[in-house]
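Participant: If you use this note's numbering, the sequence shown corresponds to residues 79 to 368, in order.
For reference, the structure I am asking about is given below.
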Amino acid sequence: MDLSNRTMLVTGGTGGIGKETARGLARLGARVLIVGRDPGRARSAAAELADDTGNPRIEAFTADVTSLAGLHALAARPTGPIDVLVNNVGAMTARRETTADGVERMFAAHVLAPFALTHLLLDRMPPGARVVNVTGGIPGGPIDPANLQAERRFLGWTFSQYNHTKTALMAMSHRLAERLRPHGVRVNVVYPGHGHTPMNRAVTVRAFPYAYRPVAPLVKLLAPVLFGDLARPARSSVHLAASPEVADTTGTYFGQDRRPRSWPESVLDERARDAVWALCERLSGCRSTV
Ligand SMILES: NC(=O)c1ccc[n+]([C@@H]2O[C@H](COP(=O)([O-])OP(=O)(O)OC[C@H]3O[C@@H](n4cnc5c(N)ncnc54)[C@H](OP(=O)(O)O)[C@@H]3O)[C@@H](O)[C@H]2O)c1
């Protein structure tokens with residue numbers, strides 16, 4: 079697979095699963111743009127990836143993708159067309175937090191950032207471009223249009239808002255795939271599978287659902303051994319970003335085995351999709367023109 083004429087942007091490409099995704103794409107020869115919040119970490123990740131893969135075309139960008147100003151600045155910086163956008167950044171907070179824009183942080187990271195960044199880059203995405211949105215947790219529960227930003231109820235450490243926003247991401251992505259179909263841009267969702275990363279290293283035993291708490295310390299102890307190889311969870315994003323097998327696939331949800339999965343019922347609920355879409359438009363000020 080020769081990807082030397084492709085430019086691929088990976089948010090959260092400076093650490094965790096995103097860095098392994100960037101590594102996989104760099105090995106395939108693409109020009110890879112990685113994004114993280116810290117300039118030093120971003121530069122050293124780019125140097126490490128270039129050194130390890132022998133691909134010098136790794137560029138580091140600094141932006142907080144939970145900030146709309148950050149997204150606007152980021153979208154303006156890379157040169158040339160963007161062939162692939164991997165919306166990989168995730169967030170997990172113990173209590174309800176809001177961003178500088180006043181948006182609930184997990185909604186901002188998981189739903190608003192992929193929505194806004196795709197719209198901001200759309201003019202530079204040629205037909206055949208791909209958007210890969212990374213879901214996680216236990217997605218598929220009900221979408222509550224009145225509580226998308228946990229404004230009524232926040233159940234953070236039981237993963238509820240994390241799962242809720244990842245399900246909302248899937249609903250947004252399903253609609254985005256429909257909207258961008260005429261433009262020739264493919265939009266798919268991937269579930270990477272578990273990886274022992276900075277995000278879940280920060281999760282305490284209290285974050286586990288009650289039934290799992292007795293075994294949680296053991297799970298945390300074994301996690302580096304069982305889930306330390308981050309190339310494994312990165313495989314599904316690399317596949318969706320680069321494989322010719324899925325060049326024409328859009329509007330599909332892929333599991334960690336890189337096979338299509340059925341969309342959860344809640345994602346197919348038109349009312350929920352409308353609510354998520356309308357909120358993204360309102361908060362970001364971005365509108366689909368295609
Ligand atoms: N880990 C798992 O077991 C697992 C399982 C299923 C799904 N997922 C999903 O897979 C994705 C990657 O997960 P991960 O565990 O690798 O996450 P992670 O460890 O939190 O990822 C860290 C990367 O994201 C960057 N980052 C974090 N917040 C950012 C922000 N606001 N703006 C820009 N960059 C930001 C970090 O860079 P800086 O710190 O330098 O900013 C770093 O590059 C997430 O969407 C997650 O929900 C993960």
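The C-beta atom is built at its ideal place from N, Cα and C for all residues, glycine as well.
Keep in mind it's a predicted model, so treat the numbers as computed, not measured.
#1: Locate the beta strand (DSSP E) running through N165, then write down its first and last residues.
#2: Any heavy atom of ligand 1 closer than 7 Å to the CB of A309?
#3: My output table needs one value for E229: the three-state DSSP class, helix, strand or coil.
#4: With a threshold of 6 Å on Cβ separation, who are the neighbours of A353 within its own chain once the five nearest residues in sequence on each side are excluded?
#5: If you run the structure through DSSP and keep just helix, strand and coil, what is L81?
#6: Buried or exposed: R369, going by 16 or more other Cβ atoms within 10 Å of its Cβ?
#7: Any heavy atom of ligand 1 closer than 7 Å to the Cβ of I136?
#8: If you compare alpha carbons, which of V110, P311, A191, R337 is closest to G148?
#9: Quick check on P204: buried or exposed, where buried means 16 or more other Cβ atoms within 10 Å of its Cβ?
#10: Would you call the CB atoms of M248 and T275 closer than 8 Å?
#11: May I ask whether a heavy atom of ligand 1 can be found less than 7 Å away from the beta carbon of M277?
#12: Taking C-beta to C-beta, are V210 and L87 nearer than 8 Å?
#13: Cutting at 8 Å between CB atoms, please list the residues of its own chain near L81, excluding the five before and the five after it.
#14: Is DSSP giving M86 helix, strand or coil here?
#15: For a test of your reading of the model: does the CB of N166 fall under 7 Å from any non-hydrogen atom of ligand 1? Yes or no.
#16: Any chance the stretch 114 to 121 sits against the stretch 325 to 336, with 3 or more Cβ pairs inside 8 Å?
#17: Of the choices A194, V167, A301, whose alpha-carbon is the least far from that of L254?
#18: Would you decide whether Y288 is buried or exposed? Buried here means 16 or more other CB atoms lie within 10 Å of its CB.
#19: Using a 10 Å radius around the Cβ and a threshold of 16 neighbouring Cβ atoms, would you call Y269 buried or exposed?
#20: Taking 8 Å as the CB-CB limit, is P134 close to chain C?
#21: If we call anything under 8 Å between Cβ atoms a contact, is P156 one with L111?
#22: I need the straight-line Cα distance from V281 to K244, nearest angstrom please.
#23: Going by the DSSP bridge assignment, what does G114 pair with across the sheet?
Facilitator: Result, derived from the coordinates:
#1: As a working mapping, residue 165 is identified with position 87 in the sequence shown. Annotation: the continuous beta strand (DSSP E) that includes N165 extends over 162 to 165.
#2: Translated into the one-based positions of the sequence shown, residue 309 becomes position 231. Taking the Cβ of A309 as the reference point, every heavy atom of ligand 1 lies at 7 Å or farther away.
#3: On the sequence shown, residue 229 is found 151 positions in, with the first residue counted as 1. Looking at E229 - three-state DSSP - the assignment turns out to be coil, as it is neither helix nor strand.
#4: Here residue 353 is taken as the residue at index 275 of the sequence shown, counted from 1. Once the five neighbours on either side are set aside, the close Cβ partners of A353 are P223.
#5: Against the sequence shown, residue 81 aligns to sequence position 3. If DSSP states are grouped into helix, strand and coil, L81 belongs with coil.
#6: Given a span of 79 to 368 for the chain in the structure shown, any question on residue 369 remains unanswerable.
#7: Start at 1 with the first residue of the sequence shown, and residue 136 comes out as number 58. Not one heavy atom of ligand 1 is found less than 7 Å from the C-beta of I136.
#8: Position 70 of the sequence shown, counted from the first residue, corresponds to residue 148. For the residues V110, P311, A191, R337, the minimum Cα distance to G148 belongs to A191.
#9: Within the sequence shown, the letter at position 126 stands for residue 204. Burial is judged here by how many other beta carbons sit within 10 angstroms of a residue's own beta carbon; P204 has fewer than 16 and is exposed.
#10: On the sequence shown, residue 248 is found 170 positions in, with the first residue counted as 1. On the sequence shown, residue 275 is found 197 positions in, with the first residue counted as 1. Their beta carbons are not under 8 Å apart, which means M248 does not touch T275 by this criterion.
#11: One-based indexing of the sequence shown puts residue 277 at position 199. For ligand 1, at least one heavy atom lies less than 7 Å from the Cβ of M277.
#12: Walking along the sequence shown from the start, residue 210 turns up at place 132. Walking along the sequence shown from the start, residue 87 turns up at place 9. Result no, Cβ atoms of V210 and L87 do not sit closer than 8 Å.
#13: For this step, residue 81 is matched to residue 3 along the sequence shown. Excluding sequence positions up to five before and after L81, its CB lies within less than 8 Å of the CB of L103, L106, G107, A108, A320, all in the same chain and listed in chain order.
#14: Numbered from its first residue, the sequence shown carries residue 86 at position 8. In the structure shown, M86 sits in a strand (DSSP, three-state: E or B).
#15: Here the question's residue 166 lines up with position 88 in the sequence shown. Distances taken from the Cβ of N166 to the heavy atoms of ligand 1 include one shorter than 7 Å.
#16: Taking 8 Å as the limit for Cβ pairs, the verdict is that the stretch 325 to 336 does not touch the stretch 114 to 121.
#17: The residue labelled residue 254 in the question sits at position 176 within the sequence shown. Taking only the C-alpha atoms, the option nearest L254 is A194.
#18: Stepping through the sequence shown from its first residue, residue 288 is reached at position 210. Here Y288 is exposed. Its C-beta has fewer than 16 other C-beta atoms within 10 Å.
#19: Residue 269 sits at position 191 when you count from the first residue of the sequence shown. Classification of Y269: buried, given that the 10 Å Cβ count is 16 or more.
#20: Here chain C cannot be found, since the structure has a single protein chain.
#21: Counting from 1 along the sequence shown, the entry for residue 156 is found at position 78. Counting from 1 along the sequence shown, the entry for residue 111 is found at position 33. Between P156 and L111, the gap from beta carbon to beta carbon is short of 8 Å.
#22: Working through the sequence shown from its first residue, we reach residue 281 at position 203. Working through the sequence shown from its first residue, we reach residue 244 at position 166. About 17 Å.
#23: By 1-based counting over the sequence shown, the position of residue 114 is 36. Partner(s): T140.
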